[in-house]
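Numbering (our numbering), first residue to last: 591 to 769. Using N, Cα and C, we set each Cβ at its ideal position, and we do this for glycine too. All remarks here apply to the structure that follows.
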Amino acid sequence: HCISSAASDVYKRQAQNSAVKALDHKQLGAVLLIALLMLLLLNILTAASISSSNINMQVIQTQQRLLEVQQAATNVSNYVLSDLDYFIHYKDYLDSQGQFAPALPDFLFSSPSGQIDIEVDSLVCLFETNISGCSLDGLAPCPQETVWQLSTTASDRPSGAQATIIEGVSVKYLPGHCP
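So, in structure tokens, the structure goes:
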């Protein structure tokens, strides 16, 4: 009876040890599963962060390109408005369809990011008026004040950026130059 009791005790201890070992193996599986889920979550967060950074970079590049296009349109406007010859000899700069088409230097069409398409849409004399205080005695011609409007469009095909600049200028010169 003692022997069977001792055998029974040994058997119980072996069963308990087996149960503990089985529980340990189940816990190891749970730890592995939790570690894999944490790695998956970390990978998802990393991918989202990289994607967000790429989107932010594209937005910044688009804004930079738009600013370059706006600057190019402004440069062409300033170039045309700074040359009095375009206003005095306006008719000499009209193309066969009667559109204002000045010959512009190549440096106005380039930017750090590449070539920009620029078009002078129009240069129009809005009105011409006498300058107040001018002598009408006929001895000397009275200068006229002419008001002109210039429209310039610049665009960048790859980025889709486009800018239109419309500016006005008043020019005082001899009469007859406002068509």
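Sheet register partners of residue i (DSSP bridge)
{"i": "N720", "result": "Q734"}
{"i": "T743", "result": "E709, T754"}
{"i": "Y763", "result": "Q734"}
{"i": "C715", "result": "W738"}
{"i": "S700", "result": "Q705"}
DSSP state of residue i mapped onto helix, strand, coil
{"i": "I640", "result": "helix"}
{"i": "I706", "result": "coil"}
{"i": "Q752", "result": "strand"}
{"i": "L674", "result": "coil"}
{"i": "L631", "result": "helix"}
{"i": "L555", "result": "What the structure shows of the chain is the stretch from 591 to 769, and residue 555 is not part of that stretch, so it cannot be assessed."}
Beta-carbon contacts of residue i that lie in its chain and below 7 Å, excluding the five residues immediately before and after
{"i": "S667", "result": "L740, T742, I755, E757"}
{"i": "V649", "result": "none"}
Where residue i falls, given that 16 or more other Cβ within 10 Å makes a residue buried
{"i": "L713", "result": "buried"}
{"i": "V670", "result": "buried"}
{"i": "A751", "result": "buried"}
{"i": "D682", "result": "exposed"}
{"i": "Q734", "result": "buried"}
{"i": "D746", "result": "buried"}
CB contact flag (residue i, residue j, <8 Å)
{"i": "F677", "j": "T736", "result": "yes"}
{"i": "A693", "j": "D685", "result": "no"}
{"i": "V710", "j": "W738", "result": "no"}
{"i": "R655", "j": "S722", "result": "no"}
{"i": "Y680", "j": "P765", "result": "no"}
{"i": "N665", "j": "L698", "result": "yes"}
Own chain partners of residue i with C-beta closer than 6 Å, once the 5 adjacent residues on each side are dropped
{"i": "A744", "result": "V659, A662, A663, I706, I708, A753"}
Cβ neighbours of residue i in the same chain (closer than 8 Å, five flanking residues each side left out)
{"i": "I624", "result": "none"}
{"i": "Q651", "result": "S749"}
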